[in-house]
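Undergrad:
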Amino acid sequence: MKKIFLMLVFACCCAASVHAQILRTEELEEYAKEKYGEEWVDAAGNLGKQLQLDKNNALTLVQVIETPGKTKDQLYVLLNYWFSATFNDANSVIQLNDKELGTIIAQAYMDGIALHTGGMNSYKVNVKPVIKCDIKDNKIRVTYTVPFYSVVRLVGGGWIGAVGGTVPTRSDENWVLDKCFPFTDGKDSHKKTSSKALIMSYAYSNVVMDKIEECVKNGLVGNEDDNW
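The numbering of the sequence shown is the numbering used here, which starts it at 44 and goes up by one.
#1: How close, in whole Å, do the beta carbons of Ala101 and Met243 come, if the pair is a contact with beta carbons under 8 Å?
#2: According to DSSP, is Ile242 part of a helix, a strand, or is it coil?
#3: Could you spell out where the beta strand (DSSP E) holding Glu70 opens and where it closes?
#4: Could you check if Lys234 is buried or exposed, using at least 16 other CB atoms within 10 Å of its CB as the buried criterion?
#5: Using a Cβ distance threshold of 8 Å, determine whether the stretch 250-261 contacts the stretch 82-94, with at least three qualifying pairs required.
#6: Take Met252 and list the residues in its own chain whose beta-carbon comes closer than 6 Å to its own, dropping the five residues that flank it on each side.
#7: Check for me: the alpha helix (DSSP H) holding Gly88 runs from which residue to which?
#8: Here's a check: name, in chain order, each residue in its chain whose Cβ is nearer than 6 Å to the Cβ of Asn140, leaving out the five neighbours to either side.
#9: Could you check how far apart the C-beta atoms of Leu71 and Val250 are, in whole angstroms? I think they sit under 8 Å.
#10: Identify the residues that DSSP records as bridge partners of Cys176: which are they?
#11: Looking at Gly199 and Met163, is the spacing between their C-beta atoms short of 8 Å?
#12: DSSP on Asn261, reduced to helix/strand/coil?
#13: Out of Asn134, Pro172, Trp202 and Ala246, point me to the one whose CA is closest to Ser165's CA.
#14: For Ser237, does the three-state DSSP call read helix, strand or coil?
#15: Name the two residues that bound the continuous beta strand (DSSP E) containing Gln95.
#16: Assuming Gly145 and Asp177 form a contact by the criterion Cβ under 8 Å, report the distance between their Cβ atoms to the nearest whole angstrom.
#17: Rounded to a whole number of angstroms, what is the C-alpha to C-alpha distance between Glu117 and Lys167?
#18: Can you grab the Cα-Cα spacing for the pair Asp132 / Tyr79, in whole Å?
#19: The beta strand (DSSP E) that contains Gly200, what's its start and end?
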C-alpha cells in the first residue's frame, strides 16, 4: 500500500504543471518538438555545440530588446506589470524589484520538464530559471539563467523495483549542468533525461523572451496607452 501511495504521489507530481501563467508543461513540450524535433538526445547534442556554460557552470542566455521611444520609467511599469502577473504563486516568485536601479529579478518554475523510468530508479526533472531584466531608456536586457536541474529521484521506483515489490524512497537532488549531457558524456550524465531537460529549458527561454518582448513593445493586455 505504501508503494502504491508513493507511486501515485509521484504520478500526480509529474502530471501537475506549475507554469507561471506563461504556458503549461505539455504546451512547452509541443513547442519544443516543433522547433527541435522529438529525438531529444540528437537535439541536445546539436544545441550543445552552440552553447557554453557560464563561469558558474550555469546555462545563461542574454537578449537585448530595443524599444525606441520608451523611457526607463515606461518600461519599468510595463515589466513590473508583466512580472507581477506572471510570477505570483508559491513556486515562482519575484526576488528583486528596484525601480531606481532599473532591475527586476524573478525565479520561475516549470514542473516535470523531463521524466524517465529506468531499471532501478525513476526521475522527474523540474527547472527553476532565474529571469533578470535590466532597464534603460529605449532598451532592456533580459538574462535567463538555469543554475541546475531540480530532480526528484524515486530510488527503487524503476521497472525492476516494481517487479520486485520494492518500496521506493524519494531523493531530492540538484544536477549541475556541467555533469549532464551534452556538456559531458560520461556514464553519470543521465543522457536521455538531461537531453530533454536541456531542450525544454532552452525552449522555455525562447518563450519567456518572446513574451517579454511582446509586453514591452505592445503592452501586456494592449490597453496601456493614454487613450482612455
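The beta carbon of each residue, even a glycine, is placed where N, CA and C say it ideally should be.
Note that the structure is a prediction, hence the values are computed from the model and not measured.
TA: Checking against the coordinates, here is how it stands:
#1: Residue numbering aside, residue 101 sits at position 58 when the sequence shown is read from its first letter. Residue numbering aside, residue 243 sits at position 200 when the sequence shown is read from its first letter. Incorrect: roughly 16 Å between the Cβ atoms, too far for contact.
#2: Reading the sequence shown from its first residue, position 199 is the one you call residue 242. Three-state DSSP puts Ile242 in a helix.
#3: Along the sequence shown, read from residue 1 onward, the residue named residue 70 stands at position 27. Segment Thr68 to Tyr79 is the alpha helix (DSSP H) holding Glu70; no beta strand (DSSP E) there.
#4: The count along the sequence shown starts at 1 and reaches residue 234 at position 191. The residue is buried, with at least 16 neighbouring Cβ atoms inside 10 Å.
#5: no
#6: Here the question's residue 252 lines up with position 209 in the sequence shown. Taken in chain order, the residues that qualify are Gln106 and Val185.
#7: As a position in the sequence shown, residue 88 is number 45, starting the count at 1. Element bounds for Gly88: Trp83 to Gly91.
#8: Here residue 140 refers to the residue found at position 97 when the sequence shown is read from its first residue. Cβ within range, chain order: Ile147.
#9: What you label residue 71 is simply residue 28 of the sequence shown in a count that begins at 1. What you label residue 250 is simply residue 207 of the sequence shown in a count that begins at 1. The Cβ separation is near 7 Å, so the contact holds.
#10: Walking along the sequence shown from the start, residue 176 turns up at place 133. DSSP, once it has assigned bridges, lists Ile147 and Val185 as partnering Cys176.
#11: For this step, residue 163 is matched to residue 120 along the sequence shown. For this step, residue 199 is matched to residue 156 along the sequence shown. Yes. Within cutoff.
#12: Position 218 of the sequence shown holds residue 261. Three-state result, Asn261: helix.
#13: One-based indexing of the sequence shown puts residue 165 at position 122. Cα-wise, what sits closest to Ser165 is Trp202.
#14: Translated into the one-based positions of the sequence shown, residue 237 becomes position 194. Reduced to three states, the DSSP call for Ser237 is helix.
#15: Mapped onto the sequence shown, residue 95 falls at position 52. Looking at the DSSP string, Gln95 is not in any beta strand (DSSP E), and its letter there is neither H nor E.
#16: Taking the sequence shown and counting its residues from 1, one reaches residue 145 at position 102. Taking the sequence shown and counting its residues from 1, one reaches residue 177 at position 134. Distance from Gly145 to Asp177 at the Cβ level is roughly 6 Å; contact confirmed, criterion being Cβ atoms closer than 8 Å.
#17: Translated into the one-based positions of the sequence shown, residue 117 becomes position 74. Translated into the one-based positions of the sequence shown, residue 167 becomes position 124. Here the sequence assigns Gln to residue 117, which means Glu is not the residue at that position. The straight-line gap from Cα to Cα measures roughly 40 Å.
#18: Position 89 of the sequence shown, counted from the first residue, corresponds to residue 132. Position 36 of the sequence shown, counted from the first residue, corresponds to residue 79. For Asp132 and Tyr79, the distance between alpha carbons rounds to 30 Å.
#19: Here residue 200 refers to the residue found at position 157 of the sequence shown. Segment: none, Gly200 is in no beta strand (DSSP E) and carries neither H nor E.
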